[in-house]
Amino acid sequence: MRDRPASVPETPPAPGTWRRVVRLFMPYRGAVCVLVVLIAVYSALNAAVPLLTRVVFDRALFGPGGPDLPLLALIAGLAAAIACAVGAVDLGQTWLSARVAQRVVHGLRAEMFGRLQRMPLAFFAAERGGEIQSRLAGDTTQIEYAVKDTLPGALSGLIGFVVAAGAMVTLSPVLAGVALILAPLVLLVASRSGRALSTLSADGQRTRAELSSIIAERLSLGGVTMARVHGRRQEEAAGFTAESERLARLGVRSGVVAQLVLSVGHVFFVLTPYLVFVAAGLTGGITPGTLVAFTVLQARLYQPLWQILHISTEFRSAQGAFERVFGYLDLQPEPEPRQSPAPGPGALAARGAGFRYPGTGEEDRPALYGVSLDIPAASTTLVVGPSGSGKTTLGHLLAGLHPPTEGAVVIDGTEFGAPLPGRICIATQDPFLFQGSVADNLRYAAPGATMDDLVRACRITRIHERIAALPDGYDSPAGERGALFSGGERQRIALARALLADASVLVLDEATSALDPLTELKVVEAILAERAGRTTVMITHRFGVLDSFDTVVALEEGRVVEHGSRLDLLGDRHGLYARMVRAQTGAA
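Note that the sequence shown covers residues 1 to 588 in full-length UniProt numbering.
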């Protein structure tokens, strides 16, 4: 199995897990108290039936003078009333426990999703998508099953056990002691087996996450294509089979350990009644009604104990899922922006801004060193440089996707280090399209956009004709990650989406790299014309024929080496920008 990313901690240690589980129920403690009362009433009503059975045997059937029919009728009426009450209380506690359990799991799931949304982009670059899906969907589903079944089961088992034991003591303290003598042994076995079950459960959850990652990566369009191109289909199938086999072995071991607890409990449940019969024979003076009532109560005692044992194994199995979910909840998200910049014209500035990607180590150079530059409002700026010079990192800092690790980035005089929706928008080289329709993808940036707005934006980016030719036009599906479109078409749809955002600042990070040079030139000129009077920053490798920008910024090895007008930089024929233009155009 492949190593996990270094940015995500392994499953945290178990101590404290159960305290955190209990705290999940604190917002619903009022409902839990009502549930406890309902379960206590339910258990008391169930315990009353054996006591009525004692009266039936000792007085109504075999009392002095023969059967007492009026008393039998009265007891039958009481039993019917108790049965109706038990049914009503049971229905109420089932509804309440299900509601509490679902709210707890919903809160846990929503909190984890919200926490993940606030994580830095570096987290998602390092973490595998299958791992995230496994924790957010698979682990929370296992927790849902555990909480839904164990909350009412644990309370019912505990209260039922106490009530039944108390009733047995009132009938015969000696027989009650015999009935309970083996219970500590069962609990000891359950405790020992539970620790082993927790370890196996954690291993199983990690293996399921690995399987989810393999499925998400290797059965994606890109993964299947790569496997076929390089002839790796058999190796991929073998890797999946190995992980699946590991999960199967863990499942067998978990099942054996869980059954061990239940088997020991079964021996206890079968053996104890006969020990009670022997004790009754040795003690003497036990009436038939008392013995029958005691036997019925024994079943009411063993059923909660069996329930507790079964719940213990289920909860131990879910412990790994709890710990993995808590592991994500313990991650530190990005800090919220210290101040939300007021609306302004869109003047950007970098003040000694530097950035080092997390986990690169002190020996690796930062992606950017002390960058200082001013981008006036309503200006057009071209950012160029060799591969690896830090262009994309600078674009991410200007868009607020990464806070600088040193220095500051400023918009309209206010420092910021987080995305500013409505103020700054970025279109990237690898645009993301959702599974929905083309219109849904476009309106993601502007939910209130009309069809005329969509068509206008798509005409600007030269993609309208392609969309209009689809069977359902703008309502046609985009496919998985936009797979129904080519790379250049996806980029033009994403550019139209960015235009619909109507932001004060638009950053284009290699957003036209998949277009042919002529189409790229037409699209860029149309975008700049549409955004006249607003700030636009374009990062690109291909810029030799782009001459509509006010300012050019040239980066090299993470530093700004040139910053000025296009003509001024071309005048320095030994400068980086002039040399790159000559290399692209062949100009003297």
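C-beta atoms are modelled at their ideal positions from N, C-alpha and C, and glycine is treated no differently.
- Under the three-state reduction of DSSP output, methionine 580 falls in the helix class.
- The bridge partners DSSP lists for serine 437 are Pro477.
- When the beta-carbon positions are compared, proline 304 and isoleucine 159 come within less than 9 Å of each other.
- DSSP places arginine 351 in the uninterrupted beta strand (DSSP E) bounded by 348 to 355.
- Sequence-distant Cβ neighbours of proline 358 in its own chain, meaning closer than 6 Å and more than five residues away, are Ala122.
- Here threonine 551 is bridged, per DSSP, to Thr381.
- If you look at valine 560, you'll find it in the beta strand (DSSP E) that goes 559 to 564.
- Scanning the stretch 477 to 552 for uninterrupted beta strand (DSSP E) segments of 3 residues or longer gives 505 to 509, 535 to 539, listed from N- to C-terminal end.
- DSSP places alanine 44 inside the alpha helix (DSSP H), whose first and last residues are 29 to 55.
- In the DSSP assignment, glycine 407 falls within the beta strand (DSSP E) that extends over 406 to 411.
- Looking only at Ile215, Leu211, Leu282, the smallest Cα-Cα distance to leucine 247 is reached by Leu211.
- Its chain contains Leu45, Ala48, Val49 as the residues whose beta carbon lies nearer than 7 Å to that of isoleucine 82, once the 5 sequence neighbours on both sides are disregarded; these appear in chain order.
- Listed in chain order, the non-local C-beta contacts of arginine 351 below 7 Å within the same chain comprise Ser372, Gly407, Ala408, Val410, local neighbours out to five positions each way being set aside.
- Residue burial is scored here from C-beta neighbours: serine 43 has at least 16 other C-beta atoms within 10 angstroms and is therefore classed as buried.
- Looking from the CA of glutamate 530, the closest CA among Asp502, Leu546, Val552 belongs to Asp502.
- Residue range 69 to 117 is occupied by the alpha helix (DSSP H) that includes isoleucine 75.
- By the neighbour-count criterion, in which 16 or more other beta carbons inside 10 Å mark a residue as buried, glutamine 234 falls on the exposed side.
- Here the stretch 506 to 519 makes no contact with the stretch 468 to 480; the two share fewer than three CB pairs at distances below 8 Å.
- Following the DSSP letters along the chain, one finds leucine 398 inside the alpha helix (DSSP H) bounded by residues 391 to 399.
- Within the same chain, Cβ atoms closer than 7 Å to the Cβ of alanine 98 are found at Lys148, the five residues on either side in sequence being excluded.
- Isoleucine 286 carries a coil assignment under DSSP once its states are collapsed to helix, strand and coil.
- Residue range 414 to 416 is occupied by the beta strand (DSSP E) that includes glutamate 415.
- The Cβ neighbour count for tyrosine 274, taken over all protein chains shown within 10 Å, is under 16; the residue is labelled exposed.
- Exposed is the label assigned to cysteine 33, since fewer than 16 other Cβ atoms lie within 10 Å of its Cβ.
- If you look at leucine 373, you'll find it in the beta strand (DSSP E) that goes 368 to 375.
- Across the set Thr393, Arg118, Glu525, the C-alpha of Thr393 shows the shortest separation from the C-alpha of threonine 428.
- A straight-line Cα-Cα distance of about 30 Å links methionine 112 and alanine 242.
- Between leucine 71 and methionine 168, the alpha-carbon positions lie close to 24 Å from each other.
- When C-alpha distances from serine 213 are compared across Ser244, Gly231, Pro184, Arg232, the shortest belongs to Ser244.
- Apart from the 5 residues on each side of it in sequence, proline 67 sits with its Cβ closer than 8 Å to the Cβ of Ala60, Leu61 in its chain, given in chain order.
- Three or more Cβ pairs drawn from the stretch 484 to 501 and the stretch 454 to 466 lie within less than 8 Å of each other, which places the two stretches in contact.
- If you check the CB distance, threonine 53 and valine 256 do not come in under 9 Å.
- Annotation: isoleucine 463 is outside any alpha helix (DSSP H) and is labelled neither H nor E by DSSP.
- Between the stretch 366 to 383 and the stretch 533 to 547 there are three or more inter-stretch CB-CB distances shorter than 8 Å, so the stretches are counted as touching.
- The residue from Leu398, Phe549, Phe485, Gln117 with its alpha-carbon nearest to that of leucine 331 is Gln117.
- Within the same chain, Cβ atoms closer than 7 Å to the Cβ of threonine 519 are found at Arg462, the five residues on either side in sequence being excluded.
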